Amino acid sequence: MNRFIKKPVAFFCTLLLLTACGNNAGIVKNSDVENEIVAQTVIADTLLSDVTTKVKLVESELSSGENTNILLKGDTAQITGGGVTLNNNTITITKSGTYTLSGAFEGTVVVDAIDKGTVDLVLDDVNIVSKDTSAIFVKQASRTVITLKDGTNNIIADTSNYVFEKDEDEPNATIFAKDDLVIKGNGSLNVNANYKDAIKSKDELLILAGNITINAVDDGIIGKDSLIISGGNINITADGDGLKSTNDKDDTVGNIVITGGTVTINSKKDAIDAENTVVISDGVIDLVSAKGEDISYLKENSAKGIKAQNDITIKGGTFSINALDDALHSNNSIVIEGGDFIIATEDDGVHADNLLTIRDGNIDITKSYEGLESSTMTIDKGNINIVATDDGINAAGGTNNPEQNVENNDFRQKDKFGRAGNNKITINGGNITVNSTGDGIDANGSIYMNSGSVTVNGPTSSFNAAIDYDGDFVLSGGSLIALGSKQMAQTPSSTSSQCYVFVNCNFDKDTLIELKSSDGKTILSAKTLKAVQTAVLSSEEILENKEYTLYVNGELKNTFTVSNKSTIVTLEGAEYSSGFEGFKPGGDFKPGEDFKPGEDFKPGEDFKPGEGFNPDENFKPDFKPDGEFNKDGNFDFSGKGPKQGKRNENRAK
634 MNRFIKKPVA FFCTLLLLTA CGNNAGIVKN SDVENEIVAQ TVIADTLLSD VTTKVKLVES
694 ELSSGENTNI LLKGDTAQIT GGGVTLNNNT ITITKSGTYT LSGAFEGTVV VDAIDKGTVD
754 LVLDDVNIVS KDTSAIFVKQ ASRTVITLKD GTNNIIADTS NYVFEKDEDE PNATIFAKDD
814 LVIKGNGSLN VNANYKDAIK SKDELLILAG NITINAVDDG IIGKDSLIIS GGNINITADG
874 DGLKSTNDKD DTVGNIVITG GTVTINSKKD AIDAENTVVI SDGVIDLVSA KGEDISYLKE
934 NSAKGIKAQN DITIKGGTFS INALDDALHS NNSIVIEGGD FIIATEDDGV HADNLLTIRD
994 GNIDITKSYE GLESSTMTID KGNINIVATD DGINAAGGTN NPEQNVENND FRQKDKFGRA
1054 GNNKITINGG NITVNSTGDG IDANGSIYMN SGSVTVNGPT SSFNAAIDYD GDFVLSGGSL
1114 IALGSKQMAQ TPSSTSSQCY VFVNCNFDKD TLIELKSSDG KTILSAKTLK AVQTAVLSSE
1174 EILENKEYTL YVNGELKNTF TVSNKSTIVT LEGAEYSSGF EGFKPGGDFK PGEDFKPGED
1234 FKPGEDFKPG EGFNPDENFK PDFKPDGEFN KDGNFDFSGK GPKQGKRNEN RAK
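Using my numbering, read the sequence shown as starting at 634 and increasing by one per residue.
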């Protein structure tokens, strides 16, 4: 077992009660959300504090006992000192102490310290290759420290064919430890894992320093109870996961904590995968998962950037993530308090099943299916830029049903998120820009905007909108520019305290729109990234009974007076649309499975079929939606009309 004390759940609950009355900007105190976020923050801070304690302990602790030199020579070794036996290509260390290894060896180094002390293996330009099992196997020790001597290059490798004792399947990694394992020193360590995993501890694995390069046919580095990285330069190429913590039997373990260093991962599956919690406070993190694979790969595999079954807390660091699956994914909650992110993904940029809270940071999502997604989302601060082929920001409730039908072989559509629910987006600050093909901001529930700056370059499709909500959109502060298509356009709710202007327009790409006060001051301005038919403009500087002007490409187009909270302006050449509140088919709308129109079916402009709609063969409205009927008489939108459900089948993998 881990010699470091593990904090029980009751301890976290006590801390929660002591801190729940503290200030947390942008979150309603004493609410369920507040308690959840406070609890998550307390746990993260405690884990970070534990790391500091552990690092200081390891760095200050001196090994006692034997001080032995081992010169490796092929299938034998020259041993100077005690505590070591050599038998059949196996070097066994039997006592605590310091053991310096140098030279080349074909065999296995086993740590079996029966006195349960600390064993320090100093690697001094070694090349250890095992023919039938792990190259380094820690069978027992209170803790084993692998020290990479400064300026040395050390190579550890295994074979693709392991020989196990009867009824055993371990050791099963190139470097395998049953107890705590620490790696430190400023030398280099190259691990070639030809059988399965590269470095694995069944307890805690702590990396303080070192230049570590890993090539693994399965996972790169595993700390079952916890994996901690506080420094070093780690480069992993893995056919499985990059970094992993796997203990799912205790809710205080199964954690990955990174407080510094440089981590570069190119993995076929998840780059970072924790059974419980991921906490990152600093470091340079460069992640690539499932590069070159297409979406069908997700049918059988999870290929996320950073994944946690429970929570992810990020307080700082520099991140570059290119993932086939979600870049950041939690089955529960994500809190981002800082950091610089550049994200490209074929699925979600940041996804939390329950809660997503962004308190600060620079988040640039250059490519995504959906940018930010969670059932409940709060943005307090930060600079957020999103490019999405579907919704930019989406609050939705999800299911976890792997039997869901998947249309068009798009495995992002598994574990679909539905429309109904009390899902919520709250914007208390920050600078947010969205460029989406689907809805810009979509709440299958309600939106609350209290402050901040939001610019949405929304869809051109009639079946999507710049702003889409089912409950309310209460606008009480900040600045909003929402540009998009006409048919599904929505405006803030009548309960909003801040004025807004709804503009009917017909703008091409690269059109400059400026809203000015009567004295010529520019209040809002934006340049369109695509064709625009409607614009919702709102600012704290837009006041009732005041006159304003609208300029297009520097030319005055309209002068009007804001007479109440909502004002409609229609520019020359635009079709009139009033904008409206409330539910509309959009985000996840699709005709029912039984929808089978007749051969000449042409629905009218306002036709919105519901689930189970089954018109008779004489039903012939006038309007033809985008798409076509297939040979079975079923309507195929082919991505052009109402969007199908979505999500990734690997939500819970």
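Cβ coordinates follow ideal geometry from the N, Cα and C atoms, glycine included.
Since the structure is predicted, the reported quantities are computational estimates derived from the model, not experimental observations.
Short of 6 Å from the beta carbon of residue 997, and not among the five residues preceding or following it, lie these beta carbons of its own chain, in chain order: 975 and 1018. In the three-state reduction of the DSSP assignment, residue 773 falls in the strand class, which pools E and B. Secondary structure of residue 791 (DSSP, three-state): coil.
Secondary structure note for residue 691: its alpha helix (DSSP H) is the uninterrupted segment 665-693. Distances from the alpha-carbon of residue 884 to those of 980, 943 and 902 put 943 closest. For residue 951, same chain residues with a beta-carbon under 6 Å away, outside a window of 5 residues either side, are 917 and 973 in chain order. Taking C-alpha positions only, residue 868 is separated from residue 904 by approximately 12 Å. Inter-residue distance for residue 865 and residue 929 is about 36 Å (C-alpha atoms, whole angstroms). Residues of the same chain with a CB within less than 6 Å of the CB of residue 1113, apart from the 5 flanking positions on each side, are 1087 and 1171 in chain order.
Within the DSSP bridge table, the entry for residue 888 names 859 as partners. Excluding sequence positions up to five before and after residue 776, its CB lies within less than 7 Å of the CB of 636, 751, 812, 813 and 815, all in the same chain and listed in chain order.
The C-beta of residue 927 has fewer than 16 other C-beta atoms within 10 Å across all chains shown, which makes the residue exposed. About 17 Å separates the CB atoms of residue 1200 and residue 1189; that is not less than 8 Å, and the two are not in contact.
Minimum Cα-Cα distance from residue 748 among the listed residues 699, 968, 765 and 804 corresponds to 699. At the C-beta level, residue 729 and residue 785 stay beyond 8 Å of one another. In this structure, residue 981 sits near residue 959, with a CB-CB distance shorter than 8 Å. With contacts defined as CB atoms closer than 8 Å, residue 1076 and residue 1103 qualify as a contacting pair.
For residue 929, the secondary structure class from DSSP, reduced to helix, strand or coil, is helix. Residues of the same chain with a CB within less than 7 Å of the CB of residue 704, apart from the 5 flanking positions on each side, are 710, 711, 735 and 736 in chain order. Our two residues, residue 1156 and residue 1024, have alpha carbons roughly 27 Å apart in a direct line. Residue 1027 counts as buried, since no fewer than 16 other beta carbons sit within 10 angstroms of its beta carbon. Residue 747 sits in coil when the DSSP states are folded into three classes, being neither helix nor strand. Going by C-alpha positions, residue 807 is about 11 Å away from residue 771. A straight line joining the alpha-carbon of residue 803 with that of residue 1084 spans about 56 Å. Residue pairing of residue 897 in beta bridges, as defined by DSSP: 868 and 919. No Cβ-Cβ contact shorter than 8 Å links residue 956 with residue 971. Secondary structure note for residue 1174: it is in no beta strand (DSSP E), with a DSSP letter that is neither H nor E.
Here the C-alpha atom of residue 1169 lies approximately 17 Å from the C-alpha atom of residue 1064. For residue 1096, there is no enclosing beta strand (DSSP E), as DSSP marks it with neither H nor E. Between the beta-carbon of residue 907 and that of residue 923 there is about 19 Å, and that puts the pair past the 8 Å contact cut. With contacts defined by Cβ atoms closer than 8 Å, residue 954 and residue 920 form a contacting pair. The alpha-carbon separation between residue 914 and residue 684 amounts to approximately 11 Å. Rounded to the nearest whole angstrom, the CA to CA distance from residue 746 to residue 719 is 15 Å.
One alpha carbon belongs to residue 668, the other to residue 946, and they sit about 15 Å apart. Here residue 877 is not near residue 841, since their CB atoms are 8 Å or more apart. C-alpha of residue 677 to C-alpha of residue 858: approximately 16 Å in a straight line.
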